[in-house]
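Encoded as structure tokens, the structure appears first; notes follow it.
Residue numbers (my numbering): 3 to 184.
Here it is, written out as structure tokens:
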């Protein structure tokens, strides 16, 4: 049988130039081939964070699951909350806009505050209020705040984000329809 294989190999490759003839060496690799599309984040848990920002436009913040949020919002503990804030930045703001951080347990170690299209430093009362709650405040424009939130949440940090839209929009309050009296 061995003689037949050698004869068949000679006949099948005789018309090829010497450089194109198959090599008798066989290369064995113990490692699986690397694929460029495979990436493993060794810092992350098996499941990705439930809230990730995919993109941000003038109209809305688009989450990774496709949800579009057109107004101010808070990302906290894997949930999204719509946030009722005054239409002018820092004018009329009180500690009540941050009441949610007083009642939540465990509190986030950091709050990333996105102030819209450009950076606007918060008033001192806000910084001291959050500091008393044990929450570090990082302020930046909303685009950078979204990126920073994604990065820190993928690292598994207890982080929250309070984001103002790029273009200020009035809060649209809706009322639950009441049942007519029967």
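Even for Gly, the Cβ is constructed at its ideal location relative to N, Cα and C. None of these values were measured; they are calculated from a predicted model.
DSSP state of residue i mapped onto helix, strand, coil
i	result
residue 32	Residue placement at residue 32 is flagged as unreliable, the pLDDT there being 47, under the threshold of 50; a coordinate-derived value is accordingly withheld.
residue 65	strand
residue 73	coil
residue 165	strand
residue 38	Because residue 38 carries a pLDDT of 49, less than 50, the predicted location of this residue cannot be relied on, and no value is offered for it.
residue 159	coil
Integer-rounded CB distance, given that residue j should sit under 8 Å from residue i
i	j	result
residue 164	residue 113	6 Å
residue 115	residue 147	7 Å
residue 89	residue 170	6 Å
residue 100	residue 78	The pair is not a contact, with the Cβ atoms about 11 Å apart (cut-off 8 Å).
Check: residue i C-beta below 8 Å from any heavy atom of the ligand PLP
i	result
residue 99	Absence of the ligand PLP from the depicted structure is noted, as is the absence of any ligand whatsoever, leaving it without description.
Residues bridged to residue i [DSSP beta-bridge criterion]
i	result
residue 57	64
Segments of 4+ residues assigned as alpha helix (DSSP H) that fall wholly inside the region 76-141: 102-105 and 126-134
The region 64-80 in contact with the region 138-146 per 3-pair CB rule at 8 Å: Cβ pair count under 8 Å is below three, so no.
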